[in-house]
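Let me begin by presenting the structure, written as structure tokens, before commenting on it.
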């Protein structure tokens, strides 16, 4: 990568910050690097914006600094392995407008046409302007940092496993971003050759148009000076006659007012012509973008080699839809700009007619004064001569304005098209780099996921110990016990002994008498009334639970005499198959409870904490 430009902005420098980030990378963590960058990035952008609102020389310094920031972000991406980079695109746009106006106070022409120039800062426009050049920013670097910490710091299997969904989500985002970036790059690649040819052509045409505009500006300024001089001389002469003739004073005021209105209308028309030229350039760019997007879509297969949907196809399809919308928007903007130009032209025509009428009224007053034997006859003739001079210079000025407007509009159109084509080439390189960075990101995330899986398996083996049960599996079993203990009201034959103990935690066991039931008991003889008298819990499904152990007895034969342990084996009198059939019919879920009990054989209840939550003890 090209070393970043070392630019000083206030107390900030590019090189010093890069060194700091590199040092942080080797001495601490990715997170510290990112934090350092974020602070610097915010400061640079803020200070550059402040400079951008001041002098032109400072503005160029700000733009140079922002360019250095972009370089620094690229280096940062390398420092962080392509996973934690952050980038920002800063665009600067300048508009060149012409300003011809009649000064309300002085009565003379002020301002002048300003000529544009091709920006030294390449601006993204057209298709390139609407591309997301920061797709890598969608990846949450904090998730990756947590995974790296889990591996390096030996997090437990449970804590490490909890990171897998988040990491999988980042993998999806990285692949989606890669597909979008690849589609964008393909679209730009289809425009690259055309853009290169257009840049070569437009640079020559824009330079020629610029020269024509500057020549027209020189002529405009000369004609403006001539017109201003004649207006000043006229107004000075008019003031003498107006002071003694109210009718002439009113006529002069009306002419001056309409001259100002004409100048304003000329400004509106000039601006409208420039807007039309730029809108035409936007339509051309949008048309090129649509053609490129359609070509990309046509050359992108819908499925991959394995038959799965191709994410690039969907991205290319979305790009076509977007390009169509943008072309329609550009066409609409052009039509609106043309309508504004027509409106401005109509307004100018109307104002010119009104001005002619005001000038005729003034001329009639002068005619009467010249024909009279008034002592102001000679003054009236001089005023009339000065007005004719203003009229002559006004016509020459109007022609110069027309020429300047046309040449400037032509330049603006060519310059806008040139910036569009330059932006395509610049964005092509940026998107090419982004595709490679996103490939690295997606690959790194996959590798990180594999490392996490290996770490989890290794930790599980360490955590399992003598019983061979990992901490993660133990947590799952405990969660399963809590879930099933509260799934139905009270105790039942469909729960394991441990689950029934939790369900009966508020039961007064002091009322229980007789033998303590346990899972090894096969046959118990007695009646339901005897069980109730001994303080055992009578369940809604007809079974009885010993709250001391959670063991539940069921009457398989229905004789209210022979009772069997719900969660254990079978009696000598009833075969296993008969037992399983019967409990499946009369006690749904009891067979599943038997299987769950096998996974719970190494865990027991060790009381409850101060919040009433059970404490488990693993044997």
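In the working numbering, the protein residues as written are 45 to 663.
All C-beta atoms in this analysis are idealised placements derived from N, C-alpha and C, irrespective of residue type, glycine included.
Residue pairing of residue 648 in beta bridges, as defined by DSSP: 661. Straight through space, the alpha carbons of residue 324 and residue 378 are spaced by roughly 6 Å. Secondary structure note for residue 390: its alpha helix (DSSP H) is the uninterrupted segment 355-415. Sequence-distant partners of residue 396 (beyond 5 residues in either direction) whose C-beta falls short of 7 Å from its own C-beta, in its chain, are 306. Non-local C-beta neighbours of residue 182 in its own chain, meaning closer than 7 Å and more than five positions away in sequence, comprise 217, 221, ordered along the chain. Residue burial is scored here from C-beta neighbours: residue 209 has fewer than 16 other C-beta atoms within 10 angstroms and is therefore classed as exposed. Classified as exposed, residue 266 has fewer than 16 neighbouring CB atoms from the shown chains inside 10 Å of its CB. Under the Cβ criterion (8 Å, minimum of three pairs), the stretch 572-587 counts as touching the stretch 535-542.
Counting C-beta pairs closer than 8 Å gives fewer than three between the stretch 275-287 and the stretch 346-355, which falls short of the contact rule.
Looking at the backbone, the Cα of residue 552 and that of residue 492 are separated by about 53 Å. Note on geometry: alpha-carbon atoms of residue 398 and residue 425 lie some 24 Å from one another. Residue state for residue 598 is assigned as strand, using DSSP reduced to three classes. Taking every protein chain shown into account, the CB of residue 499 has 16 or more other CB atoms within 10 angstroms, so this residue is buried. Contact check for residue 504 and residue 201: beta-carbon distance about 5 Å, within the 8 Å limit, so the pair qualifies.
Proximity of the stretch 456-465 to the stretch 311-326 meets the contact definition, three or more beta-carbon pairs being nearer than 8 Å.
Between residue 437 and the set 524, 275, 592, the nearest pair of CA atoms involves 275. Distance between residue 392 and residue 309, taken at the CA atoms: about 5 Å. For residue 541, the number of other beta carbons within 10 angstroms of its own is at least 16, and it is reported as buried. Contact between the stretch 238-245 and the stretch 412-425 is not established, with fewer than three Cβ pairs separated by less than 8 Å.
In this structure, residue 227 lies near residue 359, with their beta-carbon atoms less than 8 Å apart. Taking C-beta atoms under 8 Å as the contact rule, residue 441 and residue 268 qualify, at a distance of about 6 Å.
Between the C-alpha atoms of residue 340 and residue 477 there is a straight-line separation of about 19 Å. Ranked by Cα distance from residue 367, the options 343, 635, 327 are led by 327.
In this structure, the beta-carbon distance from residue 489 to residue 207 does not fall below 8 Å. Taken through DSSP and simplified to helix, strand or coil, residue 568 comes out as strand.
If you compare the alpha carbons of 568, 601, 453 with that of residue 558, the shortest gap goes to 568. Within the same chain, 171, 336, 337, 340, 363 come within 7 Å of residue 231 by CB-CB distance, once the 5 residues on both sides are set aside.
With contacts defined as CB atoms closer than 8 Å, residue 406 and residue 288 fail to qualify as a contacting pair.
Here the alpha carbons of residue 539 and residue 587 stand approximately 11 Å from one another. Beyond the five residues adjoining it in sequence on each side, residue 451 comes within less than 6 Å, by CB distance, of 256, 257, 260 in the same chain, given in chain order.
Residue 649 and residue 525 have their C-alpha atoms some 11 Å from each other.
In this structure, the CA atom of residue 453 is about 19 Å from the CA atom of residue 376. Where residue 543 is concerned, the enclosing alpha helix (DSSP H) starts and stops at 541-547. If you check the CB distance, residue 356 and residue 344 come in under 8 Å. Residue 543 and residue 647 have their alpha carbons spaced roughly 11 Å apart. In the three-state reduction of the DSSP assignment, residue 557 falls in the coil class, being assigned neither a helical nor a strand state.
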